[in-house]
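*Asks:*
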Amino acid sequence: MVEVRFARLEDEAALRKIDTLTWTADVSPAPTPPGGAPFFGDRSRPADVLVAEIDGVVAGYAVLSQDIPLASHAHVLEVRGLAVDPAYQRHGAGRRLMEASVAEARRRGARKLSLRVLGPNAKARQLYESCGFVVEGILRGEFLLDGQYVDDVLMARNLTTD
Ligand SMILES: CC(C)(COP(=O)(O)OP(=O)(O)OC[C@H]1O[C@@H](n2cnc3c(N)ncnc32)[C@H](O)[C@@H]1OP(=O)(O)O)[C@@H](O)C(=O)NCCC(=O)NCCS
């Protein structure tokens, strides 16, 4: 039922809508993007965005990037964004997007896939752990969000083992 494919430029409006629906202080330390802010850009090219469709509807996305653009860091890719439309959550799209991200990172020759997740984001942390990601570090009190100091958790998956 869940199909994962690369994004196309015509997904722009659907992806922006998913951001609007899911962007809260629990999931992102950055302010909500202003209305009309483009989804695609230099750091989110369609070729780096995986889209999950459920029954033909764009239900979620994951963005892959090389966060530090150095040759010495080329073996590490990052999942820089993951979101599923609340209307389609708990249907397996998040897991399929993470599995597809792992497969695509391997296809690109990466040895490690990393990500950051806010400490209180239990849903996402559980998903990442069940996909083989482990905590590599915790930046304590890294963000002040809604009056609370919140940890930023660094997680990664080794791609050289199963
Ligand atoms: C995190 C998120 C992407 C999960 O997407 P999803 O499509 O609902 O996930 P799935 O249906 O594939 O579920 C996969 C696993 O995630 C975890 N999970 C998802 N929703 C959960 C919930 N409400 N409570 C507890 N665990 C949950 C579970 O481990 C689940 O596995 P299970 O179904 O075998 O128990 C989605 O909740 C989301 O978009 N949240 C807002 C944005 C966000 O937090 N992004 C991550 C930023 S780091």
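For the sequence shown, the residue numbers in the working numbering are -8 to 153.
Every residue, glycine too, gets a C-beta built ideally from N, C-alpha and C.
Note that the coordinates shown come from a computational prediction; the quantities given were computed from them, not determined experimentally.
#1: Regarding threonine 23 and ligand 1, is the C-beta to nearest heavy atom distance less than 6 Å?
#2: How about the stretch 32 to 49 and the stretch -5 to 12: do they share at least three Cβ pairs that are nearer than 8 Å?
#3: Alpha carbon to alpha carbon, what distance is there between alanine 147 and tyrosine 79?
#4: DSSP has glutamine 117 in a bridge; who is on the other side?
#5: Taking contact to mean 3 or more Cβ pairs, one atom from each stretch, closer than 8 Å, check whether the stretch 112 to 119 and the stretch 77 to 91 are in contact.
#6: Taking 8 Å as the threshold, find out whether the stretch 37 to 46 comes into contact with the stretch 88 to 100 through three or more Cβ pairs.
#7: In the DSSP assignment, find the unbroken alpha helix (DSSP H) run with aspartate 10 in it and report its ends.
#8: How about glutamine 70 and leucine 109: are their beta carbons less than 7 Å apart?
#9: On a Cα-Cα basis, can you pick out the residue from Met(-8), Asp58, Pro25, Val18 that is closest to valine 144?
#10: Around the Cβ of alanine 94, are there at least 16 other Cβ atoms within 10 angstroms (buried) or fewer (exposed)?
#11: Comparing the CB of alanine 28 with every heavy atom of ligand 1, is any distance shorter than 6 Å?
*Replies:* Taking the geometry as given:
#1: No, Cβ of threonine 23 sits at least 6 Å from all heavy atoms of ligand 1.
#2: A contact exists between the stretch 32 to 49 and the stretch -5 to 12.
#3: About 26 Å.
#4: Per DSSP, none; premise fails for glutamine 117.
#5: Verdict: yes, contact present.
#6: Taking one beta carbon from each stretch, the stretch 37 to 46 and the stretch 88 to 100 have 3 or more pairs nearer than 8 Å; the two touch.
#7: Counted as a single uninterrupted DSSP element, the alpha helix (DSSP H) harbouring aspartate 10 occupies residues 3 to 13.
#8: Rather than glutamine, the amino acid found at residue 70 in this sequence is valine. Going by beta carbons, valine 70 and leucine 109 fall outside the 7 Å limit.
#9: Residue Val18 holds the alpha-carbon nearest to the alpha-carbon of valine 144 among Met(-8), Asp58, Pro25, Val18.
#10: The residue in question, alanine 94, is exposed, as its Cβ has fewer than 16 Cβ neighbours within 10 Å.
#11: The beta carbon of alanine 28 sits no closer than 6 Å to any heavy atom of ligand 1.
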